[in-house]
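J.:
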Amino acid sequence: MARFIPENAETREFPAAAVVAYCYESKRGPALLAYKGRQSKPARFLAFGSAEARDRSLASFVEYEEGIETRKRERQQAGHGLAVGDIVYSVWGYEQTNVTFYEVVRVPSGRSATVRELEADRIESAPGSMTGKSTPKPGQYVQGAKEKTRRATGWHTLGELSKWDGTPRPVTWYA
């Protein structure tokens, strides 16, 4: 679907915000039609009482979108900060809490790391409680565990994996 562009519209482009705006005079007065990125549906399609009100609204929208784009760029460029030997973990499960620990075995780049699953100790909180704490055994890999390369999604995170801070992680299980 093609974008609607009003006749006699003044085009205003804001690359830092990934916004293209069309300012024009409609039957209702000064109007604004703005698109975000490659979208075909308008992000803003408004009429105003004055050109100044339209410009204030556009400036506010562009400022907001620039903030979003800046945060997006920072997140994409952020490295994980992990080194070989660091331990990361994943918490998962349905009606129970499982923790899987991994050791970083290679760091191909600041945006990815190769990990291998570790064996872990499980200490029961009280007999029969089916709850406890789990800690990894560094250097002791699960037999048959293969190396997996994960991309970073932020500081000290690899996808769903987070850096282990040294404290035992809570777990639950069924008999």
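Taking the working numbering, the leading residue of the sequence shown gets 19, the next gets one more, and so forth. Note that beta-carbon positions come from the ideal geometry of N, C-alpha and C, so glycine has one too.
Where do the ends of the beta strand (DSSP E) carrying F119 lie?
T.: Unbroken beta strand (DSSP E) run through F119: 116-127.
J.: Terminal residues of the continuous alpha helix (DSSP H) containing G85?
T.: That run of the alpha helix (DSSP H) goes 69-95.
J.: Could you tell me the alpha carbon to alpha carbon distance between S147 and E113, rounded to whole angstroms?
T.: Distance between the alpha carbons of S147 and E113: 15 Å.
J.: Contact between the region 40-54 and the region 69-78 is defined here as three or more beta-carbon pairs at a separation below 8 Å; is this criterion met?
T.: Segments in contact, yes.
J.: Under three-state DSSP, which class holds P33?
T.: DSSP places P33 in helix when its eight states are reduced to three.
J.: DSSP state of I105, grouped into three classes?
T.: Of the three classes helix, strand and coil, the one that applies to I105 here is strand, per DSSP.
J.: For a quick check, are the C-beta atoms of E84 and A39 less than 8 Å apart?
T.: Cβ atoms of E84 and A39: not closer than 8 Å.
J.: Could you have a look at I23 and say whether DSSP puts it in helix, strand or coil?
T.: In the structure shown, I23 sits in coil (DSSP, three-state: anything other than H, G, I, E or B).
J.: Any idea if R168 is buried or exposed, counting beta-carbon neighbours within 10 angstroms, 16 or more meaning buried?
T.: Burial call: buried.
J.: For A131 and R62, what's the separation of their Cα atoms in angstroms?
T.: Each residue's Cα considered, the two are about 41 Å apart.
J.: Run the CB neighbour count on T88, radius 10 Å, all protein chains shown included, and call it buried at 16 or more, exposed below.
T.: When all chains shown are included, T88 counts as exposed.
J.: Under the rule that 16 or more other beta-carbon atoms within 10 Å means buried, what is W182, buried or exposed?
T.: Counting Cβ neighbours within 10 Å, W182 comes out buried, since at least 16 surround it.
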